């Protein structure tokens with residue numbers, strides 16, 4: 001069972017490999033994704049699959065800005081930058097994800113923190 | 001009323017000025033602090049005061065690792081490094097804070113993400 005930090009590194013690596021299945025495998029079947037925080041959640045396996053299959057198709061690449069943080073509980077968090085093309089234009093989005101894990105080491109909740117002014121042309 | 005990002009920058013600046021009152025003023029009276037996440041919360045004005053008055057006495061200095069992130073809701077988040085002396089030894093702690101704000105622009109909840117292996121000698 002990966003540690004929470006290893007799972008977050010795996011999330012980054014799977015994105016950069018364009019491997020939606022590897023991302024989805026990190027999540028519990030009843031996981032909830034809130035990305036970005038403040039918008040409606042994606043709940044459960046089918047919604048998670050649709051979210052990441054669509055995401056990977058954008059060709060987005062993720063790079064850590066600073067080492068992944070753990071916690072004294074069931075969470076880990078990371079600050080990273082996403083580079084992607086949206087409607088033909090290169091964009092950079094700065095994000096902080098917080099992931100909560102269940103007792104099986106799967107992500108049960110993901111919350112992505114970024115606002116309109118965290119996206120810029122690149 | 002400061003934006004959430006401005007409040008987080010104010011939090012950093014107040015720590016570095018050793019100004020516990022300025023930190024405490026950012027919080028709602030009934031705010032909850034979980035630092036680090038996974039340990040018992042500090043709830044309400046008296047607990048918050050004790051927490052930050054003690055914290056500032058350590059002489060800790062905070063520096064952002066990457067720009068503060070906002071959200072599409074009532075939150076902002078930041079990744080930073082703390083340099084402080086604990087029992088005479090210099091320590092570095094890598095942290096990601098997530099702050100939630102109330103309708104008056106005050107912090108209603110703060111969760112700090114760092115684990116035992118995010119602290120090191122410096």
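Residue numbers (our numbering), protein chains in the order written: chain A, 1 to 122; chain B, 1 to 122. No residue lacks a Cβ here, since even glycine has one placed at the ideal position from N, Cα and C. Note that this is a predicted model, so its numbers are computed, not measured.
Secondary structure of residue i, DSSP reduced to three states
i: residue 25/A; result: coil
i: residue 6/B; result: helix
i: residue 17/B; result: coil
i: residue 68/B; result: coil
i: residue 35/A; result: coil
i: residue 117/A; result: helix
i: residue 76/A; result: strand
i: residue 50/A; result: helix
Spatial distance of residue i from residue j (CA atoms)
i: residue 16/B; j: residue 101/B; result: 22 Å
i: residue 99/A; j: residue 44/A; result: 15 Å
i: residue 87/A; j: residue 105/A; result: 36 Å
i: residue 67/A; j: residue 94/B; result: 8 Å
i: residue 38/B; j: residue 111/B; result: 9 Å
i: residue 75/B; j: residue 69/B; result: 9 Å
i: residue 59/B; j: residue 85/B; result: 7 Å
i: residue 42/B; j: residue 107/B; result: 13 Å
i: residue 54/B; j: residue 19/A; result: 47 Å
i: residue 9/B; j: residue 2/B; result: 10 Å
i: residue 71/B; j: residue 36/A; result: 7 Å
i: residue 40/B; j: residue 34/A; result: 25 Å
i: residue 90/B; j: residue 48/B; result: 25 Å
i: residue 12/A; j: residue 62/B; result: 27 Å
i: residue 92/A; j: residue 115/A; result: 12 Å
i: residue 109/A; j: residue 14/B; result: 32 Å
i: residue 64/A; j: residue 73/B; result: 23 Å
i: residue 30/A; j: residue 4/B; result: 31 Å
i: residue 7/B; j: residue 113/B; result: 18 Å
Nearest neighbour of residue i, chosen from the options [CA to CA]
i: residue 77/B; options: 96/A, 75/A, 76/A and 92/A; result: 96/A
i: residue 25/B; options: 82/B, 69/B and 46/B; result: 46/B
i: residue 83/A; options: 121/A, 115/A, 49/A and 13/A; result: 121/A
i: residue 23/A; options: 32/A, 30/A and 56/A; result: 56/A
i: residue 52/A; options: 32/A, 5/A and 71/A; result: 32/A
i: residue 79/B; options: 91/B, 118/B and 103/B; result: 118/B
i: residue 28/B; options: 115/B, 63/B, 6/B and 103/B; result: 103/B
i: residue 50/A; options: 14/A, 21/A and 113/A; result: 21/A
Item checked: Within 8 Å of chain A by C-beta, residues of the region 45–70 of chain B in sequence order -> Correct list: 65, 66, 67, 69 and 70.
Check: According to a CB-to-CB cut-off of less than 7 Å, which residues of the region 100–112 of chain A neighbour chain B?
Finding: Flagged: no residues at all.
Note to self: At a CB distance below 9 Å, what residues from the region 72–83 of chain B approach chain A? Give them in sequence order.
What the structure shows: Listed by position, the residues of the region 72–83 of chain B near chain A (Cβ gap below 9 Å) are 72, 73, 74, 75, 76, 77, 78, 79, 80 and 81.
Next item on the list: Give, in chain order, every residue of the region 22–44 of chain A whose Cβ lies closer than 7 Å to some Cβ of chain B.
Entry: Cβ contacts with chain B: 36, 37, 38 and 39.
Checklist line | Secondary structure, beta strand (DSSP E): runs of 3+ residues fully inside the region 78–107 of chain B | finding: Correct list: 89–101.
Notebook entry, point to check: Going along the region 87–99 of chain B in order, which residues come within less than 7 Å of chain A, judged by CB to CB distance?
Noted result: Taking 7 Å as the Cβ-Cβ cut-off, the region 87–99 of chain B approaches chain A at 94, 95, 96 and 98, given in chain order.
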